[in-house]
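Structure first, commentary second.
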Amino acid sequence: MDKRPDCAMNRLIDEYDMLPPGCTVVCAVSGGADSICLLHRLNQLRAIRPFTLVAAHYNHHLRGAESDRDEAFVKRWVEDWCGPDPAAGQPPLPAVRLITGGGDVSGEAKRLGLGLEETARRMRYAFLEEAARAVGADRIATAHTADDNAETVLLHLIRGSGLQGLTGIRPRQGRLVRPLLTTTRREIEDYLELYHIPHVEDSTNQDDAYTRNQVRHQVIPLLDEINPWFVPRMADTIRYLRSDNDYLSAQAAAVARRARPAGDGGLSISAALLASQPDPIAVRIVSCLLGRLGEFQFRAAHLTAVVALSRSPAPSGAVSLPHSLTARRVYGELILVRGARRSPPFAPVSLSVPGEAVLPSIGWTIACRRAEAPEQPPDTPDHFFLDPSRLTGPLVIRPRLTGDTITLPRRRAKTVKKLLIDAKVPRWDRDRLPLLADASGPLWLAGFGPDQGRLSSSGAPALEVIALRTAPAEELQNE
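Next comes the structure, spelled out in structure tokens:
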């Protein structure tokens, strides 16, 4: 690595605004060559860029004495470090603070049912985030290199990947930055030799039982034989692919902004709008919307399944997604929500005369009393007067049943199922609508009205029924 200010690291720092003036940076330091190089380089940059530097080391406790050796090395190296070399004409700088942490990665992996590598990564990044919060850091710097990026892209190619996977590791994700991402491992080795900087080696890096190590030790050396500039050229290719991917993602984000909030913190977007987009844009729209519901990762199969749902001729349907998310087609809308479908939401409840039934699970209160039918019937579907002589048995409030039929005022008889389909009531909401019935069948359907054949005549004795919604639908979905 060149010490000049126009070196690859400096250019990348400026391109992605990795070190804004006055910021605080937490630098992840394992003790290996890459992270020691990054910490040393950032410390040098403090002389010309005003920022605060904090080092952070996480002990995974996976390699016994070797893990403890690495932690001791990092502590000693940071403690002995007094800033830039005064002989170089640079003034002394404040000491670099070191934050250390550790955890039982093996035990946590067993508890979560995950692999050691994935668990270690999760715990390490959680530690770095906590360290950043503790010192009020604006940036977290990790020492991923151009070689790491090349290995990542090759692994994605081996496993199968779309354009997103071929863009490799991003230089910046929020406050997480990777200043060495365009710097090769060979340049780092030269840099450490130039400054006589020691480091420690992780013995697991030599274990070819790990797929990444196989790529590092066997595949890349062969590619280097074909082209000694393979890693730098791969870095250029990744940059080109990232530019293309960013453009497509920006187009998708513009469409995704047209989504609207749905119940339970979900999102709703026109199914036709999504369906009309080219495949590369459509899958990115879905990815963008799901990203707004949480920092989740989804396979291409999940994204394409949601796009297919939006293009389906069926007016309703659902796709179950990881992380307890569901994509639902509700006629012209595609809705992304947390949680799966519910079973019927309430058990039948008797309605006394006079009396009141409260159904908090579905947000309705229904009251009944004896009265005289007015000359002019109420103009709301949820306030009506029943003829007691036309009722059979006790009154009950229940969900719809197969075969239920009702004749609404000034309309022909229709099954409740057909009525709800014609009104485009979502399938998973249909069993949440209360229905008042007697032994002969439905008397009233919430939001639609009473059966006209059971209504009392003007001035005749009647049972007055008043139904009130006590909670909006979007609140009920949080139960």
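Residues in the sequence shown are numbered from 1 upward in steps of one, following full-length UniProt numbering. Note that CB positions come from ideal geometry on N, CA and C, so glycine has one too.
Q) My guess is that residue 427 and residue 268 are in contact by the Cβ rule of under 8 Å, so how many angstroms apart are they, rounded? A) Contact flag wrong, Cβ pair sits at about 16 Å.
**Q.** Spatially closest choice to residue 390 from 439, 155, 369 and 422, by CA coordinates
**A.** 439
**Q.** Whole-angstrom distance between residue 171 and residue 12, CA atom to CA atom
**A.** 8 Å
Q | Buried versus exposed, by CB contacts within 10 Å (16 or more), residue 30 | A | buried
Q) Between the beta-carbon of residue 78 and the beta-carbon of residue 53, is there less than 8 Å? A) no
**Q.** Same chain, Cβ closer than 6 Å to residue 255, five either side skipped, listed in chain order
**A.** 285
Q. Could you give the distance in angstroms between the alpha-carbon of residue 351 and the alpha-carbon of residue 403?
A. 22 Å
**Q.** Among 81, 8, 124 and 32, the one whose alpha carbon lies nearest that of residue 60
**A.** 124
Q: Take the Cβ of residue 331 as the centre, count every other Cβ of all protein chains shown within 10 Å, and call the residue buried at 16 or more, exposed below.
A: exposed
Q. How close, in whole Å, do the beta carbons of residue 141 and residue 177 come, if the pair is a contact with beta carbons under 8 Å?
A. 5 Å
Q | One or two residues paired with residue 363 in a DSSP bridge | A | For residue 363, which the question treats as bridged, DSSP gives no partner whatsoever.
Q. Rounded to whole angstroms, how far is the Cβ of residue 192 from the Cβ of residue 327, which I believe are closer than 8 Å?
A. With 8 Å as the limit, residue 192 and residue 327 do not qualify as a contact, their Cβ atoms being about 50 Å apart.
**Q.** For residue 268, the residue or residues it bridges with in DSSP
**A.** 260 and 335
Q.
Is it the case that the stretch 450-469 contacts the stretch 378-389, given that we only count it when at least three CB pairs across the two stretches are under 8 Å?
A. yes
Q. Looking only at C-alpha atoms, which of 394, 329 and 423 sits nearest to residue 443?
A. 394
Q. With respect to the alpha helix (DSSP H) encompassing residue 66, which residues constitute its N-terminal and C-terminal limits?
A. 65-79
(Q) Classify residue 112: buried if its beta carbon has 16 or more other beta carbons within 10 angstroms, exposed otherwise. (A) exposed
Q. From residue 198 to residue 39, what does the alpha carbon distance come to, in whole angstroms?
A. 12 Å
Q) Buried or exposed: which applies to residue 240, given that a residue is buried once 16 or more other Cβ atoms fall within 10 Å of its Cβ? A) exposed
(Q) Rounded to the nearest angstrom, what separates residue 452 and residue 313 at their Cα positions? (A) 35 Å
Q | Nonlocal neighbours in the same chain, by C-beta distance under 6 Å from residue 58, ignoring five residues either side | A | 101, 124 and 127
Q | Nearest-angstrom Cβ-Cβ length linking residue 8 and residue 182, presumed shorter than 8 Å | A | 4 Å
Q) Is the CB-CB distance between residue 298 and residue 321 below 8 Å? A) yes
Q: Return yes when the Cβ of residue 147 is within less than 8 Å of the Cβ of residue 231, no when it is not.
A: yes
Q) Which word fits residue 139, buried or exposed, when buried means at least 16 other C-beta atoms lie within 10 angstroms of its C-beta? A) buried
Q: State the Cα-Cα distance for the pair residue 470 and residue 363, rounded to the nearest angstrom.
A: 5 Å
Q. Under 8 Å, do residue 116 and residue 106 count as touching if we go by C-beta distance?
A. yes
Q) Could you give the distance in angstroms between the alpha-carbon of residue 257 and the alpha-carbon of residue 249? A) 12 Å
Q. Where in the stretch 131-187 do unbroken runs of the beta strand (DSSP E), each at least 3 residues long, occur, reported from the N-terminal end onward?
A. 139-141
Q: Please confirm whether residue 543 and residue 134 have their CB atoms less than 8 Å apart.
A: For the chain, the structure presents residues 1 to 479; residue 543 sits outside this window and is missing.
Q: Compute the Euclidean distance between the alpha carbons of residue 245 and residue 281, then round it to the nearest angstrom.
A: 10 Å
Q) Can you check whether the CB of residue 325 is closer than 8 Å to the CB of residue 303? A) no
**Q.** Under the three-state DSSP convention, the category residue 10 falls into
**A.** helix
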